[in-house]
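Let me begin by presenting the structure, written as structure tokens, before commenting on it.
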Amino acid sequence: ADLSNWHVLIGGSALTRGLCDAGAKLGIKMYTGYGMSETCPLLSATHMKPEDMDLPLDQQTATRVKTGIAVPMVDLQIVDPTGKPVPHDGESKGEVVARAPWLTQSYFKQPDKGEELWENGWLHTGDVASMEPDNTLTIKDRIKDVIKTGGEWLSSLDLENMISQHPAVAGAAVVGVPDEKWGERPYALITLKPGEDVTEQDIQNHLLQFVESGDINKWAIPEQMRFVDDIPKTSVGKINKKLIRDQLKD
């Protein structure tokens, strides 16, 4: 079938490079949308500049997987734990906060949570991100899902994105599990494409290319991983990392 006229907007969880590349091979133009229930729902979307569109579709992935720029009437900012804005340099990370006319103002019969949601006059999303000089947003992780290992913060989404680029991988979920020495270490659940057969070492060797390119440190490569038939999801299709962490405790 000819799918070259399809435009697909991905929400609910991050658009991985692996999924975007798979779509490009079929001629599908993939986009990322970002929001949450409290934002009703959209805050930002992939922004393709003319120079991006001039590239072959399979070379547009780096832009398409970013969380894009704020949609009209939305103001987005990245702040540190004190509420101070971080530089828009594409590297500095902080929490995404938002303002817009239609955002949730509070929670029913939970005024304390409403005050927490709107601390300092901004809606706090609970997402960690960076922002580029042109205000392009890239979500790095949920604050609660960041893996705190050896005094460093490791993005579970970044690792999932890298693992997904292995040609045999269909999907991946990465969570932090307790570790006596490091505090936490990454643990990966991986689903494979039909007929594929790879080992943990194959995945670890695949991740070494991202060490060599400077995207991650060698200590970020998971020593623990499991190949599974399905990755637990929530009722809205997001990876259920709380359930995964609970299952790994047993």
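Residue 1425 in my numbering is what sits at position 171 of the sequence shown, and the numbering runs on without skipping anything.
Yeah, the Cβ is synthetic: ideal placement off N, Cα and C, and Gly gets one too.
Buried or exposed: which applies to LYS1279, given that a residue is buried once 16 or more other Cβ atoms fall within 10 Å of its Cβ? Your numbering for residue 1279 matches position 25 in the sequence shown. LYS1279 is exposed by the Cβ-count criterion.
What would DSSP say about THR1358, mapped onto helix, strand or coil? Counting from one through the sequence shown, the residue named residue 1358 turns up at place 104. Residue state, collapsed to three classes: coil.
Compare the C-alpha of TRP1372 against each of LEU1357, VAL1490, LYS1447 and name the closest. One-based indexing of the sequence shown puts residue 1372 at position 118. The candidate whose alpha carbon is nearest that of TRP1372 is LEU1357.
Could you round the C-beta distance between SER1346 and SER1384 to whole angstroms and report it? I think they count as a contact, below 8 angstroms. For the purposes of this step, residue 1346 is taken as the residue at position 92 of the sequence shown. For the purposes of this step, residue 1384 is taken as the residue at position 130 of the sequence shown. SER1346 to SER1384, Cβ: 6 angstroms. Contact.
Limits of the alpha helix (DSSP H) - the one that LEU1461 falls within: Position 207 of the sequence shown, counting from 1, holds the residue named residue 1461. Looking at the DSSP string, the run of the alpha helix (DSSP H) that includes LEU1461 is 1454–1466.
Let me know if ARG1480 comes out buried or exposed under the rule of 16 or more other beta-carbons within 10 Å of its beta-carbon. For the purposes of this step, residue 1480 is taken as residue 226 along the sequence shown, with counting starting at 1. Exposed: under 16 other Cβ atoms inside 10 Å.
Any chance the stretch 1432–1448 sits against the stretch 1400–1411, with 3 or more Cβ pairs inside 8 angstroms? yes
For GLY1277 and LEU1311, what's the separation of their Cα atoms in angstroms? Looking up residue 1277 in the sequence shown gives position 23. Looking up residue 1311 in the sequence shown gives position 57. If you take the alpha carbons of GLY1277 and LEU1311, they lie about 10 angstroms apart.
Sort ASN1471, THR1317, ASP1275, LEU1413 by Cα distance to PRO1304 and report the nearest one. As a working note, residue 1304 is residue 50 in the sequence shown. Answer by Cα proximity: THR1317.
Tell me where the beta strand (DSSP E) around THR1317 begins and ends. The residue you call residue 1317 lines up with position 63 of the sequence shown. Looking at the DSSP string, THR1317 is not in any beta strand (DSSP E); the run it does join, the alpha helix (DSSP H), is 1315–1318.
Is the beta carbon of GLU1414 sitting closer than 7 angstroms to the one on VAL1428? Walking along the sequence shown from the start, residue 1414 turns up at place 160. Walking along the sequence shown from the start, residue 1428 turns up at place 174. Result yes, Cβ atoms of GLU1414 and VAL1428 sit closer than 7 angstroms.
Secondary structure of ALA1255, DSSP reduced to three states: Counting from one through the sequence shown, the residue named residue 1255 turns up at place 1. In this structure, ALA1255 counts as coil in the three-state DSSP scheme.
Since SER1384 is in the beta strand (DSSP E), which residue starts that stretch and which ends it? Looking up residue 1384 in the sequence shown gives position 130. Note, SER1384: beta strand (DSSP E), 1377–1385.
Near ALA1268, which residues of its chain fall below 6 angstroms by C-beta distance, leaving aside the five closest residues on each side in sequence? Numbered from 1 along the sequence shown, position 14 holds the residue referred to as residue 1268. Within the same chain, ALA1268 has close Cβ partners LEU1411.
Can you give me the start and stop residues for the alpha helix (DSSP H) that GLU1369 sits inside? Here residue 1369 refers to the residue found at position 115 when the sequence shown is read from its first residue. Where GLU1369 is concerned, the enclosing alpha helix (DSSP H) stretches over 1365–1371.
Would you say THR1300 and GLY1322 are within 7 angstroms of each other, going by their C-beta atoms? Position 46 of the sequence shown, counted from the first residue, corresponds to residue 1300. Position 68 of the sequence shown, counted from the first residue, corresponds to residue 1322. A contact, by the Cβ cut-off of 7 angstroms.
Contact belief for LEU1296 with GLY1287 at Cβ below 8 angstroms, rounded distance in angstroms: The residue given as residue 1296 occupies position 42 in the sequence shown. The residue given as residue 1287 occupies position 33 in the sequence shown. Going by Cβ atoms, the distance from LEU1296 to GLY1287 rounds to 6 angstroms, so yes, they are a contact pair.
Mapping the DSSP letters down to three states, classify ASP1484 as helix, strand or coil. Taking the first residue of the sequence shown as position 1, residue 1484 is located at position 230. If DSSP states are grouped into helix, strand and coil, ASP1484 belongs with coil.
Name the two residues that bound the continuous alpha helix (DSSP H) containing GLY1272. For the purposes of this step, residue 1272 is identified with residue 18 of the sequence shown, where counting begins at 1. Note, GLY1272: alpha helix (DSSP H), 1271–1279.
Distance, ALA1422 Cα to ILE1457 Cα: Locating residue 1457 in the sequence shown gives position 203, where the first residue counts as 1. Locating residue 1422 in the sequence shown gives position 168, where the first residue counts as 1. Between ILE1457 and ALA1422, the C-alpha separation is close to 10 angstroms.
Three-state class that DSSP yields for ASP1312 in the structure shown: Along the sequence shown, read from residue 1 onward, the residue named residue 1312 stands at position 58. DSSP places ASP1312 in helix when its eight states are reduced to three.
To which residues of the same chain is THR1315 closer than 7 angstroms at the C-beta, ignoring the five residues directly before and after it? In the sequence shown, counting from the first residue as 1, residue 1315 sits at position 61. Excluding sequence neighbours, THR1315 sits near ARG1271, CYS1274, ASP1275, ALA1278.
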